Structures are given as structure tokens and as C-alpha cells.
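>
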DNA sequence: TTCACCCGTGCCACAATGTGGAACGCCGTG
DNA sequence: CACGGCGTTCCACATTGTGGCACGGGTGAA
């Protein structure tokens, strides 16, 4: 399948999002495309309502608001999103660490959909929309642990990429870890994906036991204390359960 | 400018967002396009990461997570978004009415970017991503009041569409209303856009006095009490100021 | 002032690209 | 068993996007 113009337009749209407000020239240099091609694409995206000219410098382009109506199903009607908000803030207040809400995207990756920051000067940073691998993160494994075995097999067959020395690349080790976290109710990631980033996560399940999302407490390795793990794990698991209950009640 | 395929692809993407999870057939009926055209578009959008097949029914399509990384500048880094969250919740707790956060989109419309619900059985409903006209809403006028006169002129020249008997379609009346709200610090909309929906809003300004967004308390007409207006107006204006201060401090 | 440079924009002949009717294989139903 | 509807695939055609080029304006150096 081709649709070169569509693919290119979406790439340009993504580039605008990253560099906004951005000019035609900057984009031509970024992509190495003819000016007229980029220009035409921008005008088209603008007419479709996905871009708009910056009000102060009308030769610069920004993302328009049309995009906000286009969201993954898990966030539509914001039942999950809204239900998660207050429990997340409360968890942040209890621990003063950054809290993330992530959803799985087609077993390919986890995507950060919401964040509540801590007040420490040193804090972990993920932007909304950032992605991470399922097998190497606390949120990813929290989801995996509640999926059918066939899905885990599928993931294993695709290969467990290594991101650091701590990444669980051995299928047996991954499966053992999933068994453990099913028992404990929370998953732990210590420097397995990004160096110096640790997290404790728990899955948010729907009525049928399908995992919809995961909440995670995320902190730099310097503040990770193994002896507090059971306490933090319980707090995260309770938060996940509370979110699930609120969502169901809405 | 044309780019028919791009325009159509974006339309289809928006339709998927509204109807997800959706099949090829449903979309062909919706648009009256040939099956092969829709099919090709969906595959292309999927390859670009914007769509994905539903895990349970792989012939149904959903919005993928790629979209989340594409957001208007006002929400990037989520300085505004994150700063607004807690003050909005506090305002909701005080009044127990739904609170909206909206940003202007190129003087064309206001877009709801966040929402905190009240607990009443009867509540106003706007989804995230919904748009509304600037001149006929409390949030829109809160923004307009802090823009240069030329911008208001531009809007007036484009015409003030009527949405209900209460919509201010007379330019003089609109300008008078803007003057009033600049003095009071908050704007009021009583059934001017959607019948039975009232709102009280205030603008969130950046350091230079440019309006970035507006917060609004939104309620059904049945709970609107004119005598409480000064009190509610002050609360909303204070919330807007607090959000602005938090944003600047981040 | 003049010149040179780079910007965003507009044009248009060419052919690469997307189009959509038709056909296929599959499934559940009458 | 035949039918209707589904998602998917194919391919000749011509519509559609392409990109080199040129224009006009703004800016900075000579």
C-alpha cells in the first residue's frame, strides 16, 4: 500500500507537533523535500483544521485543536481518564513521586496518557504520548500479567529487545516475573528500560478482568528503597483498584 | 490546493475516532466511498501508526496512540494542563458543578481540553475536543476581552452567528459585554449557545497579558442563580489567576 | 542606496500516484 | 446449497500530486 502523500502529510504533522511553531523552510530542511511540496501539505492540513498559522507570526505553523477530538477509545468519554485523576493526585500526595497513567497500544508499546508530577527537583520525565516497551517496564508487565498466555507468547516471539543490563530479555525470566506480580498485585522496574529510572505499577482492569491501563509510581534510582517496596506496591495496587471502581461506577 | 487523498484520510481518521471500533463497511456507508478506497486509506493510516486493529475483532479499527504525541502548543509539556488540574478540582469541590478548561483555536472557536465533572445527576456535557463559538460562550468572550480590538473587529466582520434567542449577534452588544467583563473579571453565558446551558468563565493570561485559555463553571439553567453570580464569578476569576501563577512558576 | 540572499508563495507541464469497478474467498444465514 | 454481505486484492486509467522555476518582499552588508 502506498498513499505516499498521506504518509508524508502525517509525518509532517508529527514534525510540526515536535517543533511548533515551525516555518516551511525549517520543515523542508528537516525532510529534504521541495519547498512547494511541504507548503502544499501544510495548506492542506490547515484547511482540514489540523494545523493553524501562529497568530503572532503567521508564517509559523502550529497544531490546531481538531486533534483533540481524535483519541484512543480508552480515553473517549474520558471515563478512565477522569476516574484516574483524583486517585493519582492522592497517590502523588502520599509519596511525592511522579505518577503516570499508561495504556497499551496494540501489544506494541505502552503510551503515557496522563501524568501528575512530584515536587522534587530531581524527577523522572516522560511526556504525554511517550511510548515504552511492554516487557521492559513496570506498566507494561502489569498489563501483560493480565493478558492471555497467547499474547505473552506473541510478544516473546517478536523478541525481547534489550535496553539496559537489567532488561529481562530471557522469556523464562519474564514469565516468572509475571507470575510473581500476579501474586503480589504490583510490578517493579529497576533500571530495566531507562537507566536510573525505577517504577512500581499496577493494572487497572475492567469488569471482565481485561487490563485497560496501568498506574505507576516513577522515581530516580537514588530514591528507590527496596524495603519500602511492599508498602509502595500496596498503595499503587489500591490506587489501581480505586480507579477501576470509579470507572465502573461512572 | 487540493490533496484530496490527504483531506479524505483525515476525515476518515476523524470518523474512526467518533465510531471506534469501526469496520470498513460502516465507513464506506458513512462516506459513500468505494470500499477499496476506504480500505486503502485505513491500511495507510495503520502503517503510519495512527490507527490499529481492535484486538478482539481484527476487522474493526481504532485510533492508535500516535495521536497523543500530537497536541496544540498550549498543552505541550503540559505546563498549562498540569497547572490547571488541581485548581479546577478545588473549584469543582467548592461549587459541585462541572468545570471546563478551554483554549482558543485561531480565533475560530474554543476547544474543550479538560473537564472535571460534578456529582449531580443532571449535568452539562461537553467532551474533550468539542468546539464552541467565541462570541456565544463565556469562555470565548473571556478570551476575546483580552485580545486586541483588531481581533474583535475581525471576528465581528466574519459575522456573529445566532445559536439561540439569547445569542449576542449585535456587535455593539458584544462589545459592551466585553467591556463589562473586563471590569468584573468574569464572563457569563446564559443559554446563549446551547439552550439550558449556563456558564461563568475567566481567562488565564500569560506573563504578557495574552490569554492562553479560559476556565468555566458550567451548569444547567435550572441551577443558575443570578444572586450568586458575584460570588461564583470571584471564585472562577481567582481560580484562573491561580492557574496562571502556577503555570508561570513551573 | 544598492546588491545579494533567503524567505514564503504561486505556477504549470509531466508522469507518478491514487482511484474504484470488478472479482475473490470467507463466513453465517435462510 | 445458494445467497448476501463481509473484508480483501487486483489493475488499467486518468486524475492527482509533484517539484523545478520564478516572483515579490524583507533583511543585512557593502
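Residue numbers (the working numbering), protein chains in the order written: chain A, 1 to 250; chain B, 1 to 250. Idealized CB from N, CA, C, for every residue including glycine. Being a predicted model, the structure only gives us computed values, none of them experimental.
Restricting to Cα atoms, I'd like to know which of 214(B), 20(B), 26(B), 74(B) is closest to residue 50(B).
One-based indexing of the second chain puts residue 50(B) at position 50. Per the Cα distances, 20(B).
> Over the uninterrupted beta strand (DSSP E) stretch that includes residue 205(B), give me the two end residues.
If you number the second chain from 1, residue 205(B) lands on position 205. Taken as a continuous stretch (DSSP letters only), the beta strand (DSSP E) holding residue 205(B) covers 197 to 205.
> On the DSSP bridge assignment, give the partners of residue 62(A) in chain order.
Within the first chain, the letter at position 62 stands for residue 62(A). Under DSSP, residue 62(A) shares a beta bridge with 52(A).
> Enumerated in chain order, which unbroken segments of the beta strand (DSSP E) with a length of 3 residues or greater are wholly contained in the stretch 134 to 202 of chain B?
Entirely contained in the stretch 134 to 202 of chain B, the beta strand (DSSP E) runs reaching 3 residues are, in chain order, 187 to 190.
> According to the Cβ coordinates, are residue 144(A) and residue 215(A) closer than 7 Å?
By 1-based counting over the first chain, the position of residue 144(A) is 144. By 1-based counting over the first chain, the position of residue 215(A) is 215. No, the pair does not count as a contact, with Cβ atoms beyond the cut-off.
> For residue 238(A), name the three-state secondary structure that DSSP assigns.
Residue mapping note: residue 238(A) aligns to position 238 of the first chain, counting from 1. Correct three-state label for residue 238(A): helix.
> Quick check: what's the CA-CA separation for residue 90(B) versus residue 15(B)?
By one-based count along the second chain, residue 90(B) stands at place 90. By one-based count along the second chain, residue 15(B) stands at place 15. Take the alpha-carbon of residue 90(B) and the one of residue 15(B): they are about 35 Å apart.
> Whole angstroms are fine: how far does the CA of residue 72(A) sit from the CA of residue 79(A)?
The residue labelled residue 79(A) in the question sits at position 79 within the first chain. The residue labelled residue 72(A) in the question sits at position 72 within the first chain. Using only the alpha carbons, I get a separation of about 12 Å.
> Along the stretch 197 to 226 of chain A, what residues have a CB closer than 7 Å to any CB found in chain B?
none
> Between which two residues does the beta strand (DSSP E) holding residue 99(B) run?
On the second chain, position 99 is the one that residue 99(B) refers to. First-last of the beta strand (DSSP E) with residue 99(B): 98 to 105.
> By the three-class DSSP mapping on this structure, what secondary structure does residue 210(B) have?
Counting from 1 along the second chain, the entry for residue 210(B) is found at position 210. Three-state result, residue 210(B): coil.
> Using DSSP's beta-bridge definition, name the partner residues of residue 117(B).
Taking the second chain and counting its residues from 1, the one referred to as residue 117(B) is at position 117. For residue 117(B), which the question treats as bridged, DSSP gives no partner whatsoever.
> Residues of chain B with a CB under 7 Å from the CB of residue 50(A): which are they?
Translated into the one-based positions of the first chain, residue 50(A) becomes position 50. 10, listed in chain order.
> Does the ligand ATP have even one heavy atom less than 6 Å from the beta-carbon of residue 53(A)?
This structure simply doesn't include the ligand ATP, nor any ligand for that matter.
> In the stretch 9 to 36 of chain A, which residues sit with their C-beta less than 9 Å from some C-beta in chain B, listed in chain order?
9, 10, 11, 13, 14, 16, 17, 18, 20, 21
> Here's a check: name, in chain order, each residue in its chain whose Cβ is nearer than 7 Å to the Cβ of residue 188(B), leaving out the five neighbours to either side.
One-based indexing of the second chain puts residue 188(B) at position 188. Here the set comprises 138, 200, 229.
> Helix, strand or coil for residue 124(A), going by three-state DSSP, please let me know.
Along the first chain, read from residue 1 onward, the residue named residue 124(A) stands at position 124. Residue 124(A) falls in the coil class under three-state DSSP.
> Which residues in the same chain have their Cβ closer than 8 Å to the Cβ of residue 57(A), if we skip the five residues on either side of it in sequence?
Position 57 of the first chain, counting from 1, holds the residue named residue 57(A). The residues are 21.
> Can you look up residue 87(A) in the DSSP assignment and give me helix, strand or coil?
Reading the first chain from its first residue, position 87 is the one you call residue 87(A). If DSSP states are grouped into helix, strand and coil, residue 87(A) belongs with the helices.
> Taking Cβ to Cβ, would you say residue 48(B) is nearer than 7 Å to residue 10(A)?
Within the second chain, numbered from 1, the residue matching residue 48(B) stands at position 48. Within the first chain, numbered from 1, the residue matching residue 10(A) stands at position 10. Yes, they are a contact pair.
> Would you mind sorting residue 168(A) into buried or exposed? The rule is 16 or more other CB atoms within 10 Å of its CB.
As a first step, residue 168(A) is located in the first chain; it is residue number 168 there, counting from the start. With 16 or more other Cβ atoms within 10 Å, it is buried.
> Starting from residue 7(B), find everything on chain A with Cβ-Cβ shorter than 8 Å and list it in chain order.
Stepping through the second chain from its first residue, residue 7(B) is reached at position 7. Those within 8 Å of residue 7(B) in chain A are 44, 47, 48.
> Are the CB atoms of residue 111(B) and residue 103(B) within a distance shorter than 7 Å?
By one-based count along the second chain, residue 103(B) stands at place 103. By one-based count along the second chain, residue 111(B) stands at place 111. Against a cut-off of 7 Å, the Cβ pair of residue 111(B) and residue 103(B) comes out as a contact.
> Taking only three categories from DSSP, how would you classify residue 70(A)?
Walking along the first chain from the start, residue 70(A) turns up at place 70. Residue state, collapsed to three classes: coil.
> Which residues of the stretch 147 to 160 of chain B have a Cβ closer than 8 Å to any Cβ of chain A? Give them in chain order.
none
> What's the gap between the Cα of residue 141(B) and the Cα of residue 224(B)?
On the second chain, residue 141(B) is found 141 positions in, with the first residue counted as 1. On the second chain, residue 224(B) is found 224 positions in, with the first residue counted as 1. When rounded, the distance between both Cα atoms is 19 Å.
> Please name the residue in 135(A), 25(A), 190(A), 193(A) whose C-alpha comes closest to that of residue 59(A).
Taking the first residue of the first chain as 1, we reach residue 59(A) at position 59. Taking only the C-alpha atoms, the option nearest residue 59(A) is 25(A).
> Strictly by DSSP, which residues pair up with residue 218(B)?
Residue 218(B) sits at position 218 when you count from the first residue of the second chain. BP columns for residue 218(B) point to 98(B), 199(B).
> Shorter than 7 Å from the beta carbon of residue 316(B) to some beta carbon of chain A?
Past the boundaries of the shown model lies residue 316(B); chain B is included only from 1 to 250, so the question cannot be answered.
> Between the stretch 232 to 240 of chain A and the stretch 155 to 163 of chain A, do at least 3 Cβ pairs fall closer than 8 Å?
no
> In whole angstroms, what separates the C-alpha of residue 46(A) from that of residue 36(A)?
As a position in the first chain, residue 46(A) is number 46, starting the count at 1. As a position in the first chain, residue 36(A) is number 36, starting the count at 1. Taking the straight line joining both Cα atoms gives about 15 Å.
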